[in-house]
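Number of protein chains: 2
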Amino acid sequence: MARGLNRVFLIGALATRPDMRYTPAGLAILDLTLAGQDLLLSDNGGEREVSWYHRVRLLGRQAEMWGDLLDQGQLVFVEGRLEYRQWEKEGERRSELQIRADFLDPLDDRGKERAEDSRGQPRLRAALNQVFLMGNLTRDPELRYTPQGTAVARLGLAVNERRQGAEERTHFVEVQAWRDLAEWAAELRKGDGLFVIGRLVNDSWTSSSGERRFQTRVEALRLERPTRGPAQAGGSRS
Amino acid sequence: MARGLNRVFLIGALATRPDMRYTPAGLAILDLTLAGQDLLLSDNGGEREVSWYHRVRLLGRQAEMWGDLLDQGQLVFVEGRLEYRQWEKEGERRSELQIRADFLDPLDDRGKERAEDSRGQPRLRAALNQVFLMGNLTRDPELRYTPQGTAVARLGLAVNERRQGAEERTHFVEVQAWRDLAEWAAELRKGDGLFVIGRLVNDSWTSSSGERRFQTRVEALRLERPTRGPAQAGGSRS
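Each protein sequence line maps, in turn, to chains A and B.
For the first sequence, this note's numbering begins at 1 and goes up steadily by one.
For the second sequence, this note's numbering begins at 239 and goes up steadily by one.
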């Protein structure tokens, strides 16, 4: 099994004033909506700005430290990871991939540009949106072509996490790749190791019960295939 | 003080067969020379390839795991950090900034291109060379202009590290910024917090005693200024 790597780096503007609350057990939870615009290079050499809004959760001491100090529009740097959670709602299995901040750092905004959306919420231009992952494929990739003939592959990645003094956990992440990356990825098979550098994006859709659903997934920028090296090495590597 | 952040991500080819040895105390040390070429965007919209060779050190269990399995040319992913060391040699104070790998993952090379240097050593094209740092400036920045009028700033960054069960350590990193980044950085002062995303580069020079010296430093790609947020918050943040 490939070792687990799971690191998120985000810089954006707080779209709204963050939401602070406490669990009955007294754990502080700070939920932020971070908003930014990524500058992406198009195939034809041009650039395009792609907007994003990501909910980020901060727990405990870090949440308490920042809870009252952050306002709408504040620029922040978040270092964290992706956290997969599943639960039951009305007998139905539900899951989500949360962005969990381990650290938050407010940033000075001199010289930085914000855009404003239709609700008057700020987004940071030239934001940062980067995730590093390593894990194993949970299924064979699905390769398709858009009507324009652009290749797109969807991959399921299982990222293992070993925490000191806690059980091993697995985080399930959906990864999408386009064009050359999609055709490279299509050669992989269930169980293969995969290293991903990508951007976090949001998918939204309407469920069969008419409910609006959201899913955080990864758009691949770079893919690599971890191997065991030239010789066959036995045993776990993580 | 800004909290310490210190993460290195490299993908390159092993320029030579790695060097494995043991200290008298039995600690395994694996020294690798990783070689790659970064694709950088020029101001005029073009691209240029910039080569690098970085020595990377892996210790202990990870070193023993990979020691015998890696050959010249093998593609590897390294996740690690920058480690500052100082010592005395013949009464003279010497220091170096080492690249310390926490994890190494060999990668499959299908579809990947290597270049060959004049010594027949391979370098990986479209390599990965990225460092994330946060720390405080050790001095006021030095801003200069090249004969062509290009702004360049040199910054000294102190990155704190807190290890569980070990003393707090400080890693001193030289950071260089160009053009707009240099002029932005010139406004900073000794003691200010700084967040850096950059590439690792090597400086080499000849000392007054005729010895060839090398220094690993960081070329900035992005700079941000961590603040304490809108309200004055007292106390340490890390």
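Quick reminder that beta carbons are idealized off the backbone N, C-alpha and C, glycines included.
Asked, Found
"Would you be able to state if there are at least three C-beta pairs under 8 angstroms between the segment 353 to 373 of chain B and the segment 395 to 405 of chain B?", "yes"
"What residues in the segment 275 to 297 of chain B bring their beta carbon closer than 9 angstroms to a beta carbon of chain A?", "Leu279, Gly283"
"Throw me the rounded Cβ distance for the A:Asp192 and A:Arg144 pair, which I believe falls under 8 angstroms.", "Actually they are not in contact, since the Cβ atoms of A:Asp192 and A:Arg144 sit about 19 angstroms apart, beyond 8 angstroms."
"Measuring alpha carbon to alpha carbon, tell me which residue in A:Val152, A:Pro106, A:Arg179, A:Arg169 is nearest A:Phe77.", "A:Pro106"
"Between which two residues does the beta strand (DSSP E) holding B:Arg245 run?", "243 to 252"
"Kindly indicate if chain A contains any beta-carbon less than 7 angstroms away from that of B:Glu462.", "yes"
"When burial is assigned at 16 or more other CB atoms within 10 Å of the CB, is A:Phe9 buried or exposed?", "buried"
"Go to B:Gly373, then tell me how far its beta strand (DSSP E) extends in each direction, as first and last residue.", "366 to 375"
"When you compare only the Cα positions, how much space is there between B:Pro379 and B:Ala415?", "10 angstroms"
"Which of helix, strand or coil does DSSP assign to B:Ala391?", "strand"
"DSSP three-state call for A:Gln164: helix, strand or coil?", "coil"
"Counting only Cβ pairs nearer than 8 angstroms, list the residues of chain B close to A:Asp19.", "Chain B residues near A:Asp19: none, gap ~17 angstroms exceeds 8 angstroms."
"With a CB to CB cut of under 7 angstroms and the five nearest residues on each side skipped, what residues in its chain are close to A:Trp184?", "Leu223"
"Where A:Ser204 and A:Arg217 are concerned, what is the direct C-alpha to C-alpha distance, given to the nearest angstrom?", "11 angstroms"
"Where does A:Leu181 fall in DSSP's three states?", "helix"
"Let's see if you can read the secondary structure: which residues bound the alpha helix (DSSP H) around A:Glu83?", "A:Glu83 -> not in any alpha helix (DSSP H); beta strand (DSSP E) instead, spanning 75 to 89."
"Determine the DSSP secondary structure at A:Gln37, reduced to helix, strand or coil.", "strand"
"Does DSSP classify B:Ala424 as helix, strand or coil?", "coil"
"So A:Ile11 contacts chain D; which residues on that side make the cut at Cβ distance below 8 angstroms?", "In the displayed structure, chain D is absent; the protein chains listed are A and B."
"Is the CB of A:Asp102 under 7 angstroms away from at least one CB in chain B?", "no"
"Excluding the five sequence neighbours on either side, which residues of its own chain have a C-beta within less than 6 angstroms of the C-beta of A:Thr103, listed in chain order?", "In the sequence as presented, Thr is not what sits at residue 103 of chain A; that position holds Phe. Glu79, listed in sequence order."
"Among B:Asp269, B:Val439, B:Thr388, B:Glu302, which has the Cα closest to the Cα of B:Gln310?", "B:Asp269"
"In angstroms with no decimal places, state the Cα-to-Cα distance between B:Arg451 and B:Ser445.", "7 angstroms"
"Grab me the residues of B:Glu399's own chain with a C-beta within less than 6 angstroms of its C-beta, minus the 5 sequence neighbours each way, in chain order.", "Gly242, Arg407"
"At what residues does the alpha helix (DSSP H) containing A:Met65 begin and finish?", "60 to 66"
"Thinking C-beta only, is A:Ala101 closer than 7 angstroms to A:Val50?", "no"
"From A:Thr227 to A:Arg85, what distance separates their C-alpha atoms?", "29 angstroms"
"Does A:Phe172 come within less than 7 angstroms of chain B when only Cβ atoms are used?", "no"
"Please list, in chain order, the chain B residues whose beta carbon lies closer than 9 angstroms to that of A:Trp184.", "Arg348, Gly349"
"Start and end of the beta strand (DSSP E) containing B:Gly431?", "431 to 444"
"Is the CB-CB distance between A:Met20 and A:Gly67 below 7 angstroms?", "yes"
"Helix, strand or coil: which one does DSSP assign to A:Ala2?", "coil"
"Is the beta carbon of A:Ala115 less than 7 angstroms from the beta carbon of A:Ala153?", "no"
"Mind checking if A:Asp140 is an interface residue toward chain B, Cβ cutoff 7 angstroms exclusive?", "no"
"Where A:Ala35 and B:Pro360 are concerned, what is the direct C-alpha to C-alpha distance, given to the nearest angstrom?", "42 angstroms"
"From B:Ala471 to A:Asp109, what distance separates their C-alpha atoms?", "Because the pLDDT of B:Ala471 is 41, which lies under 50, any placement of that residue in the model is unreliable, and the number read from its coordinates should be weighed accordingly. Each residue's Cα considered, the two are about 18 angstroms apart."
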